[in-house]
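Asks: Take this structure, written in structure tokens, and hold onto it; I'll ask about it next.
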Amino acid sequence: MFWYVLTAVLALAAGVAIGFFIARRYMMDYLKKNPPINEQMLRMMMMQMGMKPSQKKINQMMAQMNKMEKK
């Protein structure tokens, strides 16, 4: 009976550890492929759309994006 419990606990601990490292690796790869938007990227997107970006407008859009991200 003791060996069953010990085996179950060890298997659970190994599963949690392996799952953590797999999830960490997945998130690092995802962020490398899809970096979060920063002010420079936002400025470039606005210029491509034909808008002349002012710092005030960029700050407003970054604040709005951060607000949406927190929800």
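Going by our numbering, the letters in the sequence shown line up with residues 108 to 178, in that order. For each residue, glycine too, the CB sits at the ideal point set by N, CA and C. Nothing here was measured: the structure is a model prediction, and the numbers come from that model.
At which residues does the alpha helix (DSSP H) containing residue 152 begin and terminate?
Replies: First-last of the alpha helix (DSSP H) with residue 152: 146-155.
Asks: Is residue 175 near the ligand GTP, judged by its Cβ being under 7 Å from some heavy atom?
Replies: Absence of the ligand GTP from the depicted structure is noted, as is the absence of any ligand whatsoever, leaving it without description.
Asks: Helix, strand or coil for residue 140, going by three-state DSSP, please let me know.
Replies: Residue state, collapsed to three classes: helix.
Asks: Using 8 Å for Cβ pairs, my map puts residue 160 next to residue 169. What's the rounded Cβ distance?
Replies: Rounded, the Cβ-Cβ distance is 11 Å, inconsistent with contact.
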